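> Okay, so the sequence shown: first residue is 7 according to mature numbering (1 follows the signal peptide of the UniProt record, and there is no 0), each after it adds one.
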Amino acid sequence: RDRHGDAGHSEKFVVVGHRGASGYRPEHTLASYELAARMGADYIEPDLVITKDGVLVARHEPEIGGTTDVAQRPEFADRKTTKTVDGRRVTGWFAEDFTLAELKTLRAVERIPDLRPDNTIYDGRFEVPTFQEIVNLSKRLSRELGRTVGLYIETKHPTYFADQGLALEPRLVEALTRNGLNRPGAKVYVQSFEVSNLKELDKRLRVPLVQLVSGSGAPYDFVRSGDPRTYDDLATPEGLAEIAGYAEGLGPVKDRIIPRNADGTLGEPTTLVDDAHRAGLAVHPWTFRAENAFLPTDLRSSDDPGAWGDIFAEYEAFLATGIDGV
Ligand code: G3P
Ligand code: CA
7 RDRHGDAGHS EKFVVVGHRG ASGYRPEHTL ASYELAARMG ADYIEPDLVI
57 TKDGVLVARH EPEIGGTTDV AQRPEFADRK TTKTVDGRRV TGWFAEDFTL
107 AELKTLRAVE RIPDLRPDNT IYDGRFEVPT FQEIVNLSKR LSRELGRTVG
157 LYIETKHPTY FADQGLALEP RLVEALTRNG LNRPGAKVYV QSFEVSNLKE
207 LDKRLRVPLV QLVSGSGAPY DFVRSGDPRT YDDLATPEGL AEIAGYAEGL
257 GPVKDRIIPR NADGTLGEPT TLVDDAHRAG LAVHPWTFRA ENAFLPTDLR
307 SSDDPGAWGD IFAEYEAFLA TGIDGV
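#1: Starting from the N-terminal end, write out each residue whose C-beta falls within a distance shorter than 5 Å of any non-hydrogen atom of ligand 2.
#2: Can the beta-carbon of residue 165 be found less than 8 Å from the beta-carbon of residue 109?
#3: If distances are taken between C-alpha atoms only, which option among 167, 212, 46, 201 comes closest to residue 147?
#4: Can you tell me which of the three DSSP states residue 23 falls into?
#5: Which first and last residues belong to the alpha helix (DSSP H) in which residue 140 is found?
#6: One question on the structure: do residue 329 and residue 249 come within less than 8 Å of each other, judged by their Cβ atoms?
#7: What does the Cβ neighbour count give for residue 203, buried or exposed, with the cut at 16 atoms within 10 Å?
#8: Rank 231, 213, 281 by C-alpha distance to the C-alpha of residue 240 and give the top, closest one.
#9: Express the C-alpha separation of residue 150 and residue 258 in angstroms, rounding to a whole number.
#10: Within its chain, find whatever has a CB closer than 6 Å to the CB of residue 155; leave out the 5 residues flanking it on each side and keep chain order.
#11: If you draw a straight line from the alpha carbon of residue 25 to that of residue 233, how long is it in whole angstroms?
#12: Could you tell me the alpha carbon to alpha carbon distance between residue 159 and residue 52, rounded to whole angstroms?
#13: How far does the beta strand (DSSP E) with residue 160 in it extend, from its first residue to its last?
#14: Determine the contact status of residue 76 and residue 70, defining contact as a CB-CB distance below 8 Å.
#15: Taking 7 Å as the cut-off, is the beta-carbon of residue 217 closer than that to any non-hydrogen atom of ligand 1?
#16: Could you please give me the residues that DSSP links to residue 258 through a beta bridge?
#17: Residue 101: buried (16+ other C-beta within 10 angstroms of its C-beta) or exposed?
#18: Using 8 Å as the cut-off, can you tell me whether the stretch 82-90 makes contact with the stretch 192-201, which would need three or more C-beta pairs spanning the two stretches below that distance?
#19: When DSSP labels each residue in this structure, what does residue 97 get in the three-state scheme?
#20: Does the separation of the CB atoms of residue 129 and residue 225 fall below 8 Å?
#21: Any heavy atom of ligand 1 closer than 7 Å to the CB of residue 186?
#22: Look up residue 196 in the DSSP assignment and give the residues it is bridged to.
#23: Should residue 306 go down as buried or exposed, given a rule of 16 or more other Cβ atoms within 10 Å for buried?
#24: Measuring only the C-alpha atoms, how far is residue 182 from residue 188?
#25: Can you check whether the CB of residue 117 is closer than 8 Å to the CB of residue 132?
#26: Give every residue of the same chain whose Cβ lies closer than 8 Å to the Cβ of residue 103, excluding the five residues on either side of it in the sequence, and list them in chain order.
#27: Determine the DSSP secondary structure at residue 182, reduced to helix, strand or coil.
#28: Would you give the residue range spanned by the alpha helix (DSSP H) that residue 204 belongs to?
#29: Taking all protein chains shown into account, decide if residue 78 is buried (16 or more other Cβ within 10 angstroms of its Cβ) or exposed.
#30: My output table needs one value for residue 46: the three-state DSSP class, helix, strand or coil.
#31: According to DSSP, simplified to helix, strand and coil, what is residue 64?
#32: Do you know how far the Cα of residue 80 is from the Cα of residue 218?
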């Protein structure tokens, strides 16, 4: 497909800094993204949600209580509420209930202070970034580092936001187009757990798309429309052929590539990488982070690479399966 440009299946192995260098700085902050790029990531990965006034901002979830200081802000105490997000009841504060100006008064905090106590020194220092600020950062870092720092964007809960009159897709298309990034070779991917969202973006974007595949359950747009298929169905050769009709890549949870044994050790690889390649899809599993590995708790927050030996051993096993990036 012509929009591969220098991304997609033909690109060299890609390294994605999920949520930025999120083991070292509060996730989804400009500081986290910048550190990821300086550590060598080919792409930084903004998960996008949306504010009350329709601005794309980076948070992993609409609920922002765990990654900002909003719970310590008395003026926003009455914004705490309970909502249903993709069928699950969630209590907290939600990005779409704050204007951008309000959100900008908040400060990011470490999401997992128990596992990363050293990182709490950064609590209160960084804002929630807009997508435009992230684009600007990637351009500045590209100039400074002499290589393009790519954007590996995720649209979060698109049906949930559309239900509230806050469609993500047109805003993302407009932003990428306005920044000259809606073109093959722009070094941009767009990924999503939902299918209809990616099919819609396929009509309007010229950058490669990636279908995320979770370990269980079903895309929420399938649930809403009564489509009985699950992520297991998407991971079959038939499902992969359908994905190849609108996307260039597959983003499976890494356990779908090498399942774990009952004792936590890695088992035998499945045929998913080969099946996806046969369908013409690149494979970028997620996520290689200490919190996602079977490491003793006291090692998970360590900055010492020697303490992360198990992660690197796992990484080698995944490389041997022929994946195209992590
Ligand atoms: O979110 C899906 C995939 O991109 C995993 O990465 O860091 O967002 O959990 P992360
Ligand atoms: Ca993500």
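Every residue, glycine too, gets a C-beta built ideally from N, C-alpha and C.
Everything numeric in this text was worked out from a predicted model, so none of it was measured.
Reading from the atomic positions:
#1: 53, 160
#2: As a first step, residue 165 is located in the sequence shown; it is residue number 159 there, counting from the start. As a first step, residue 109 is located in the sequence shown; it is residue number 103 there, counting from the start. Using a Cβ distance threshold of 8 Å, residue 165 and residue 109 do not count as a contacting pair.
#3: As a working mapping, residue 147 is identified with position 141 in the sequence shown. Of 167, 212, 46, 201, the residue nearest in Cα terms is 46.
#4: Translated into the one-based positions of the sequence shown, residue 23 becomes position 17. The answer is strand: DSSP assigns residue 23 an E or B state.
#5: Here residue 140 is taken as the residue at index 134 of the sequence shown, counted from 1. Residue 140 -> alpha helix (DSSP H) spans 137-151.
#6: Counting from one through the sequence shown, the residue named residue 329 turns up at place 323. Counting from one through the sequence shown, the residue named residue 249 turns up at place 243. For the 8 Å CB-CB criterion, residue 329 and residue 249 do not form a contact.
#7: As a working mapping, residue 203 is identified with position 197 in the sequence shown. It is buried - the Cβ of residue 203 has at least 16 other Cβ atoms within 10 Å.
#8: As a working note, residue 240 is residue 234 in the sequence shown. That would be 281, whose Cα lies nearest to the Cα of residue 240.
#9: Within the sequence shown, the letter at position 252 stands for residue 258. Within the sequence shown, the letter at position 144 stands for residue 150. Between residue 258 and residue 150, the C-alpha separation is close to 33 Å.
#10: Numbered from its first residue, the sequence shown carries residue 155 at position 149. Excluding residues within five positions, the ones whose Cβ falls inside 6 Å are 43, 144, 147, 148.
#11: Here residue 25 refers to the residue found at position 19 when the sequence shown is read from its first residue. Here residue 233 refers to the residue found at position 227 when the sequence shown is read from its first residue. So the two alpha carbons sit approximately 31 Å from each other.
#12: Locating residue 159 in the sequence shown gives position 153, where the first residue counts as 1. Locating residue 52 in the sequence shown gives position 46, where the first residue counts as 1. If you take the alpha carbons of residue 159 and residue 52, they lie about 5 Å apart.
#13: Residue numbering aside, residue 160 sits at position 154 when the sequence shown is read from its first letter. From DSSP, the beta strand (DSSP E) with residue 160 extends over 156-161.
#14: Here residue 76 corresponds to residue number 70 of the sequence shown, with the count starting at 1. Here residue 70 corresponds to residue number 64 of the sequence shown, with the count starting at 1. Going by C-beta atoms, residue 76 is nearer than 8 Å to residue 70.
#15: For the purposes of this step, residue 217 is taken as the residue at position 211 of the sequence shown. No.
#16: Here the question's residue 258 lines up with position 252 in the sequence shown. According to DSSP, residue 258 bridges with 219.
#17: Position 95 of the sequence shown, counted from the start, is the residue given in the question as residue 101. By the C-beta density criterion, residue 101 is buried, having at least 16 other C-beta atoms within 10 angstroms.
#18: no
#19: If you number the sequence shown from 1, residue 97 lands on position 91. Three-state DSSP puts residue 97 in a strand.
#20: On the sequence shown, residue 129 is found 123 positions in, with the first residue counted as 1. On the sequence shown, residue 225 is found 219 positions in, with the first residue counted as 1. Taking 8 Å as the Cβ cut-off, residue 129 and residue 225 do not qualify as a contacting pair.
#21: For the purposes of this step, residue 186 is identified with residue 180 of the sequence shown, where counting begins at 1. Here the distance from the Cβ of residue 186 to the nearest heavy atom of ligand 1 is not below 7 Å.
#22: On the sequence shown, position 190 is the one that residue 196 refers to. Per DSSP, 159, 215.
#23: In the sequence shown, counting from the first residue as 1, residue 306 sits at position 300. Because residue 306 sits at a pLDDT of 49, beneath the cut-off of 50, its placement in the model cannot be relied upon, and the following sentence gives the value as read from the coordinates. So residue 306 counts as buried.
#24: On the sequence shown, residue 182 is found 176 positions in, with the first residue counted as 1. On the sequence shown, residue 188 is found 182 positions in, with the first residue counted as 1. Each residue's Cα considered, the two are about 5 Å apart.
#25: Taking the sequence shown and counting its residues from 1, the one referred to as residue 132 is at position 126. Taking the sequence shown and counting its residues from 1, the one referred to as residue 117 is at position 111. Contact flag unset, no.
#26: Residue 103 sits at position 97 when you count from the first residue of the sequence shown. Excluding positions up to five away in sequence, the list reads 58, 85, 87.
#27: Walking along the sequence shown from the start, residue 182 turns up at place 176. Note: residue 182 maps to helix in three-state DSSP.
#28: Residue 204 sits at position 198 when you count from the first residue of the sequence shown. Residue 204 -> alpha helix (DSSP H) spans 202-210.
#29: Here residue 78 refers to the residue found at position 72 of the sequence shown. Flag for residue 78 reads exposed.
#30: Residue numbering aside, residue 46 sits at position 40 when the sequence shown is read from its first letter. DSSP places residue 46 in coil when its eight states are reduced to three.
#31: Translated into positions along the sequence shown, residue 64 becomes position 58. Residue 64 falls in the strand class under three-state DSSP.
#32: Against the sequence shown, residue 218 aligns to sequence position 212. Against the sequence shown, residue 80 aligns to sequence position 74. The straight-line gap from Cα to Cα measures roughly 38 Å.
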